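Numbering (the UniProt record's numbering), first residue to last: 1 to 354. Here a beta-carbon is modelled for each residue, glycine too, at the ideal position from N, C-alpha and C. Please read these numbers as outputs of a predicted model, since none were measured by experiment.
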Ligand code: NAD
């Protein structure tokens, strides 16, 4: 059985990826996570006692810790999710983004380089380092074109700049040290277990609480949306069959303006849980001052991944959104523990690495 070292696995996408690997990939997983505000062990409560799952509470920037994990578990892949990931937070306070996304990735790469150098004969042809990145590194698009793997990097927020820097480090470790790296750049994810600071869960919870649904500017900023499990299947495909040294764009071909997303979300809620007064949730929409440096449009061309590795998304935005809203309605306790902060005070299934 293969072993993967997953960083940031207590976050939104990482927790889905771990569940998938344990139950469908037949892979042992070691999850290294610092448990920042975005790390939530509640999201992994169902796998915490799985015999092939190990949790390690720690920082990717702790090179000695990462080296000891690599020596102990000898993984065939390192899947690097750990990051500060929220654009608004990066505008208010960029330091943590520089520290984790750039310096942390550098320390992680150094530890992995040592492991690779010492075990090259055994690992050659079997080992992969996957950098999980974002389409935001490409900057803002005009009305029509799409980001391809050849699009130049032009990040506009401290978040996207820090992810761009880490992508460049990963690229440099491939070219300079022959480290077998792969990079994926994915569009906006949505789905169960997403922290309610992000657009879709924030809107769902505000709608249910009768609060305003804040939409930036004129609501016409366009994003491409991908259901999180489609992203995880794409990552698995790239690890298993991707060409080392390559970059793959991942997207849902599902471009929506923020206002369209909120309208569709209100429509789903109107059907599943009508407001007591019979009005649409759309009446809670409130336009607020735009975020600085707000990119106008992102759209991903994922033709390379689709044609060379045969991946394509299974969910449409309509089916994925319905599943997401249903999940939030059925998991009010998960939401409650996030909003009242108890997910950080009593951590389910926290077992320290010994
Ligand atoms: P998230 O914020 O939900 O989770 C990040 C996780 O990383 C958390 O569990 C956090 O505790 C952990 N972490 C943070 N700093 C750490 C450190 N120094 N050491 C160890 N762990 C640390 O993020 P997400 O939305 O799941 O995104 C995961 C990755 O995917 C990120 O790298 C992000 O850039 C990328 N990505 C996200 C999206 C999206 O729409 N969410 C889209 C494309 C790419």
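Comparing C-alpha positions only, which one of 210, 114, 131 sits nearest to residue 275? Taking the first residue of the chain shown as position 1, residue 275 is located at position 275. Nearest neighbour of residue 275 by Cα position, chosen from 210, 114, 131, turns out to be 210.
Buried or exposed: residue 38, going by 16 or more other Cβ atoms within 10 Å of its Cβ? Working through the chain shown from its first residue, we reach residue 38 at position 38. In summary, residue 38 is buried, with 16 or more beta-carbon neighbours lying within 10 Å of its beta-carbon over all protein chains present.
Exposure of residue 138, with buried meaning 16 or more beta-carbon neighbours within 10 Å: Counted from its first residue, the chain shown places residue 138 at position 138. Here residue 138 is buried. Its C-beta has 16 or more other C-beta atoms within 10 Å.
Closest to residue 75 by C-alpha separation, out of 199, 134, 3, would be which residue? The count along the chain shown starts at 1 and reaches residue 75 at position 75. Of the candidates 199, 134, 3, the one whose C-alpha sits nearest the C-alpha of residue 75 is 3.
Given this structure, state the Cα-to-Cα distance separating residue 257 from residue 199, to the nearest angstrom. For the purposes of this step, residue 257 is taken as residue 257 along the chain shown, with counting starting at 1. For the purposes of this step, residue 199 is taken as residue 199 along the chain shown, with counting starting at 1. So the alpha carbons of these two residues sit roughly 12 Å apart.
If you follow the beta strand (DSSP E) that residue 255 is part of, which residue opens it and which one closes it? One-based indexing of the chain shown puts residue 255 at position 255. Element bounds for residue 255: 255–257.
Does the distance from the CB of residue 343 to the CB of residue 337 come in under 7 Å? Position 343 of the chain shown, counted from the start, is the residue given in the question as residue 343. Position 337 of the chain shown, counted from the start, is the residue given in the question as residue 337. Cβ distance < 7 Å, so residue 343 and residue 337 count as in contact.
In the stretch 68–135, which residue ranges form an unbroken alpha helix (DSSP H) of at least 4 residues, counting only runs that do not cross its ends? Listed in chain order, the complete alpha helix (DSSP H) runs (minimum 4 residues) inside the stretch 68–135 are 87–92, 105–118, 120–123.
Is DSSP giving residue 153 helix, strand or coil here? Start at 1 with the first residue of the chain shown, and residue 153 comes out as number 153. In this structure, residue 153 counts as coil in the three-state DSSP scheme.
Between residue 320 and residue 227, which are expected to be in contact by the criterion C-beta below 8 Å, what is the C-beta distance as a whole number of angstroms? What you label residue 320 is simply residue 320 of the chain shown in a count that begins at 1. What you label residue 227 is simply residue 227 of the chain shown in a count that begins at 1. A Cβ-Cβ separation of about 4 Å places residue 320 in contact with residue 227 under the 8 Å criterion.
Classify residue 90 as buried or exposed, calling it buried when 16 or more other Cβ atoms lie within 10 Å of its own Cβ. For the purposes of this step, residue 90 is identified with residue 90 of the chain shown, where counting begins at 1. Buried, by the Cβ-count rule.
For residue 167, which residues of its own chain have a beta-carbon under 7 Å away from its beta-carbon, when the five flanking residues on both sides are left out? For the purposes of this step, residue 167 is taken as residue 167 along the chain shown, with counting starting at 1. Once the five neighbours on either side are set aside, the close Cβ partners of residue 167 are 131, 133, 137, 183.
List in chain order: all unbroken beta strand (DSSP E) runs of 3+ residues lying wholly within the stretch 137–188. Counting whole runs of 3 or more residues, the stretch 137–188 contains the beta strand (DSSP E) stretches 181–186.
Are the beta-carbon atoms belonging to residue 307 and residue 149 less than 7 Å from one another? Taking the first residue of the chain shown as position 1, residue 307 is located at position 307. Taking the first residue of the chain shown as position 1, residue 149 is located at position 149. Cβ distance not < 7 Å, so residue 307 and residue 149 don't count as in contact.
Three-state secondary structure (DSSP) of residue 29: Residue 29 sits at position 29 when you count from the first residue of the chain shown. Note: residue 29 maps to strand in three-state DSSP.
Straight-line CA distance for residue 174 to residue 212? If you number the chain shown from 1, residue 174 lands on position 174. If you number the chain shown from 1, residue 212 lands on position 212. Distance between the alpha carbons of residue 174 and residue 212: 47 Å.
Which residues does DSSP list as the beta-bridge partners of residue 55? Along the chain shown, one-based indexing puts residue 55 at 55. In the DSSP output, where bridge partners are listed per residue, residue 55 has 31.
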